[in-house]
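Asker: Those protein sequence lines, which keep their order, are chains A and B.
Mind the numbering: the first sequence is residues 1 to 461 in this note's numbering, read in order.
Mind the numbering: the second sequence is residues 1001 to 1461 in this note's numbering, read in order.
Number of protein chains: 2
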Amino acid sequence: MTMKKIPHRIYLTEDQMPRQWYNLRADMKEQPDPMLNPATLKPATQEDLYPVFCKELARQEMDAATRYVDIPEEVQEFYHMYRPSPLCRAYNLEKALDTPAKIYYKFEGNNTSGSHKLNSAVAQAYYAKKEGLTGLTTETGAGQWGTALAEACAFFGLPLTVFMVKVSFEQKPFRKAVIQTFDGNVIASPSSSTEAGRKILAENPNTGGSLGCAISEAVEKAVSTPGCRYVLGSVLNQVLLHQSIIGLETKQAMELIDEYPDLIIGCAGGGSNLGGLIAPFMQDKLTGKANPRIIAVEPASCPSLTRGRYAYDFCDTARITPMARMYTLGSGFMPSPNHAGGLRYHGMSPILSKLYHDGFMEAVSVEQTRVFEAATFFAKQETILPAPESAHAIRTAIDEAKKCKETGEAKTILFGLTGTGYFDMTAYSSYLEGNMSDYIPTDEDLKPGFASLPDIPQNQR
Amino acid sequence: MTMKKIPHRIYLTEDQMPRQWYNLRADMKEQPDPMLNPATLKPATQEDLYPVFCKELARQEMDAATRYVDIPEEVQEFYHMYRPSPLCRAYNLEKALDTPAKIYYKFEGNNTSGSHKLNSAVAQAYYAKKEGLTGLTTETGAGQWGTALAEACAFFGLPLTVFMVKVSFEQKPFRKAVIQTFDGNVIASPSSSTEAGRKILAENPNTGGSLGCAISEAVEKAVSTPGCRYVLGSVLNQVLLHQSIIGLETKQAMELIDEYPDLIIGCAGGGSNLGGLIAPFMQDKLTGKANPRIIAVEPASCPSLTRGRYAYDFCDTARITPMARMYTLGSGFMPSPNHAGGLRYHGMSPILSKLYHDGFMEAVSVEQTRVFEAATFFAKQETILPAPESAHAIRTAIDEAKKCKETGEAKTILFGLTGTGYFDMTAYSSYLEGNMSDYIPTDEDLKPGFASLPDIPQNQR
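#1: Relative to the alpha-carbon of residue 122/A, which residue among 241/A, 34/A, 268/A and 175/A has its alpha-carbon at the smallest distance?
#2: Just verifying my parser: in three-state terms, what is the DSSP assignment at residue 1266/B?
#3: For the stretch 141 to 169 of chain A, list every residue whose C-beta sits within 7 Å of some C-beta in chain B, in sequence order.
#4: Apply the 10 Å Cβ neighbour rule to residue 1260/B and answer buried if 16 or more other Cβ atoms are within range, or exposed otherwise.
#5: Less than 8 Å between CB atoms is the rule here; does residue 384/A satisfy it with respect to chain B?
#6: So is residue 1460/B in contact with chain A if we call contact Cβ pairs under 8 Å?
#7: What separation, rounded to the nearest whole angstrom, lies between the Cα atoms of residue 378/A and residue 306/A?
#8: Going along chain B, which residues have a C-beta under 8 Å from residue 429/A?
#9: By a C-beta neighbour count over all protein chains shown, 10 Å radius and 16 as the cutoff for buried, is residue 1001/B buried or exposed?
#10: Buried or exposed for residue 1016/B, please, with buried defined as at least 16 other CB atoms from any protein chain shown within 10 angstroms of its CB.
#11: As an exercise, report each continuous beta strand (DSSP E) stretch of at least 3 residues that is fully enclosed by the stretch 335 to 390 of chain A, in chain order.
#12: Strictly below 8 Å CB to CB, what residues from chain B border residue 19/A?
#13: In the DSSP assignment, find the unbroken beta strand (DSSP E) run with residue 323/A in it and report its ends.
#14: Label residue 89/A either buried or exposed according to how many other C-beta atoms from any shown protein chain fall within 10 Å of its C-beta, with 16 as the threshold for buried.
#15: State the DSSP-derived secondary structure class of residue 25/A, mapped to helix, strand or coil.
#16: Just reading off the beta strand (DSSP E) that residue 1189/B is part of, what are its end residues?
#17: My output table needs one value for residue 302/A: the three-state DSSP class, helix, strand or coil.
#18: Can you pull the DSSP bridge partners for residue 296/A?
#19: Mind checking whether residue 330/A and residue 451/A have CB atoms under 8 Å apart?
#20: Which residues in chain A have a C-beta closer than 8 Å to the C-beta of residue 1183/B? List them in chain order.
#21: With DSSP collapsed to three states, give me the class of residue 246/A.
#22: Under the assumption that residue 22/A contacts residue 283/A (Cβ atoms under 8 Å), give the Cβ distance between them as a whole number of angstroms.
#23: By a C-beta neighbour count over all protein chains shown, 10 Å radius and 16 as the cutoff for buried, is residue 270/A buried or exposed?
#24: Helix, strand or coil: which one does DSSP assign to residue 1007/B?
#25: Quick check on this structure: which residue in 264/A, 38/A, 230/A and 30/A has the alpha carbon closest to the alpha carbon of residue 104/A?
#26: Is it buried or exposed for residue 1403/B, if we count other Cβ within 10 angstroms and need 16 for buried?
#27: Quick one: any contact between the stretch 1386 to 1394 of chain B and the stretch 1349 to 1361 of chain B, if contact means 3 or more CB pairs under 8 Å?
#28: So who's on the other strand from residue 1135/B, going by DSSP bridges?
#29: Quick check on DSSP: helix, strand or coil for residue 1088/B?
#30: Since residue 1376/B meets chain A, which of its residues come closer than 8 Å, beta carbon to beta carbon?
#31: Give the interface partners of residue 7/A over in chain B, defined as CB-CB distance under 9 Å, in chain order.
#32: How many Å lie between residue 1184/B and residue 1147/B at the Cα?
#33: If we call anything under 8 Å between Cβ atoms a contact, is residue 1177/B one with residue 1152/B?
#34: Short of 7 Å in beta carbon distance, which residues of its chain neighbour residue 1338/B, apart from the five on each side in sequence? Order them along the chain.
#35: Can you give me the start and stop residues for the beta strand (DSSP E) that residue 164/A sits inside?
#36: Hey, does residue 1425/B have any beta-carbon neighbour from chain A nearer than 8 Å?
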């Protein structure tokens, strides 16, 4: 019998695709701490979330018990336009590294949003439309989430307002134009269309805006407009549920080629990609079926897992959301402006935070010049231009593959390639021209962020 | 027996992928007229091409006899990183049009160059490397070809110099940065590094450059640098050979679902995509096995097939290449500056020109506002942002599907979706803001182009 060569790209057939999402919480013996209503400091209820989120999404946010959730037919229909995403064997990267390791990556960039964000956008837009809502609002910084949501809302015929951080609105006119092509109403934030925006403009008419301000405007617009709700692309439990499609497809594809990862690597900002990629493998870990190493990779300049505190904090910088217990640098933490590689969020998904706290996964931080070095090396071997976010995972995958070369171990390494970098060329140019520097905050630099943590009894390291 | 639903996306397995390109000329009873050496007006020989093209590519250019050409293992290895491209069933477009037609499209945009150009770039870079060349040159306007060639050259470790039209160099810094990420040396054209560039700069120091000038510089640099050759991404016979992978994959995928197109639609600039897509279907037509309708779609503002002359002409505006007999508006024809949709080439692949002349295919021209209308409609149904070039084919596919609705015919329509539009958002914005206008040249407007045609005996309509 001859050993059949594993193909470079493995696509599931439509019949083989998962028809259910997987809810990681159902297999966690130790649950994440409950969200708190900031007014009462009591656990938030599903109903507490209704003014902001549509009902089914509020339910999913709170539902830790249902292990598998049917993917609605209409969402599957949309998935079938850009999924399955390929599981890729990085033969040419392996060859360039001369490593005995087998390297796989799940590539989520082959869709117009350029990232995995679309997986949750379509689910959220579908439930909103089904519930009879007449509009959604969100914020976007770099624009991937705004694009993904605009694609989903255009498909379901749901009006969308995107508050785009003003500096991005002005510097990234192409992103704005893509969202507009999908009928999204893009407003530069701060704007005069909300109380929050007007207040900030009055104080500082020339501000370039911030994600915190855009969130405040989007939430205000949603709660003050009948039939309108707010949606968010990361951090939330519901988002991790929808993103489990990444891991479920990956595991299924690996089974077809009789593989199982020794090591799973994902970049971590708010946790949407990492949580989705690892979901079914973490299930194996939680249920004792297997024990792969799982590594979260974050930027050295925004190191929530590796240097943050496991504490109750607000999910937004404007401190209007419920509080969640998570690894956080404090909602007042601002990453250095020279940080180009995405993953700027001050906190981390409460589910992933709990799993990390309980020892089910590891975390490392990497400097951005090493990230871009890995990105350009990868691009030339595998002919994909990666998003800087994704390149954090590439960096660590390369480092681990090099260790395998030293030890001679033929480990199976899996990493998540979350998206493409077409809209990040300013950062690439900066790297290529030698103008990129690294920033690692000192303990002193982290103090203001920690000082912004809400002072409540549960707030413990 | 239940009728199994055809999936939304059909991917061949690696085993099912074509291992040979198909050379359309081998089945043409009437061959295209030979290229002419402009100095002698005699048919150009393979050796005449050696100073400009590498030997194997010069051979392929002249070889009308070999029906199937083995795809080198190394090129297959590269193809496997981004191919097969999906054959897509446009269920949601069909639904939105309420048409009985079945619409399929072959999507070539899922790679970093964003288009089908990579299919020939990797072949050309491979042969150049194999022959021991030490460098390649080319020109690029919008940048898709330059990006594709940079990806291929980076993979094979071959230095590349790209002369980029100065106005694009300045207005599209992101494209430039992508090429640089893949180690391409990008020079704004006109430059002081060539005789041709210096001459143009001396006459007009502030010029934004032109594709004609960039070609002149790239060819000069290639012929004056030992071990260096020039490569081109369209028009040539060798390019159509490499691009046949598009049609071969498509036909194979359609056989798997027991389909055959009644109608095949492709956009046509120089002909690289159209020639590749239709190749095996045209074979059926030429050999009497089947008789699908084949429609080339071109912009009304640059209508080489529908309003050009079938005449000998230069392939470049600088009149330094051999002459080919083709449908042409004259190398002196300049498309209107308000034309945003690509496909600006004055001529057309000699192979396609001959087939059109002999009645094997049809051609239509479409106005750009109708093209962008189709593009935005398609984007919202199929969640892919198309390149303006590709949207010419979408426009005609939609028009034909609407005719099917009127007549009640359930035709099978296939079109080529050549790429994505991320770098064309200026044009999209212009359309969305209502600032886009149409331009249809009058007969008077076409006169200067026709006057530029070389005055030789074979020059007949």
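The C-beta atom is built at its ideal place from N, Cα and C for all residues, glycine as well.
Answerer: Based on what the coordinates show:
#1: The shortest C-alpha separation from residue 122/A is found at 241/A.
#2: strand
#3: 151, 154 and 155
#4: exposed
#5: Yes, residue 384/A lies at the interface with chain B (some Cβ there is under 8 Å from its Cβ).
#6: Confidence at residue 1460/B is low in this model, with a pLDDT of 41, below 50, so the placement of that residue should be treated as unreliable; the coordinate-derived value is given next. No, residue 1460/B lies away from the interface with chain A (no Cβ there is under 8 Å from its Cβ).
#7: 25 Å
#8: 1173, 1177 and 1180
#9: At residue 1001/B the pLDDT is 40, less than 50, meaning the model places this residue with poor confidence and gives no usable figure here.
#10: exposed
#11: 362 to 366
#12: The premise fails here: residue 19/A is roughly 14 Å from chain B at the closest Cβ pair, so nothing lies under 8 Å.
#13: 323 to 328
#14: The residue is buried, with at least 16 neighbouring Cβ atoms inside 10 Å.
#15: helix
#16: 1185 to 1189
#17: coil
#18: 266/A and 363/A
#19: With contacts defined as CB atoms closer than 8 Å, residue 330/A and residue 451/A qualify as a contacting pair.
#20: 380
#21: helix
#22: 7 Å
#23: buried
#24: If DSSP states are grouped into helix, strand and coil, residue 1007/B belongs with coil.
#25: 264/A
#26: exposed
#27: With the cut-off at 8 Å, the stretch 1386 to 1394 of chain B and the stretch 1349 to 1361 of chain B do not touch.
#28: 1228/B
#29: In the three-state DSSP reduction, residue 1088/B falls in the strand class (E or B).
#30: 181
#31: 1013, 1014, 1015 and 1080
#32: 8 Å
#33: no
#34: 1437 and 1439
#35: 160 to 165
#36: For residue 1425/B, the closest Cβ of chain A is nearer than 8 Å.
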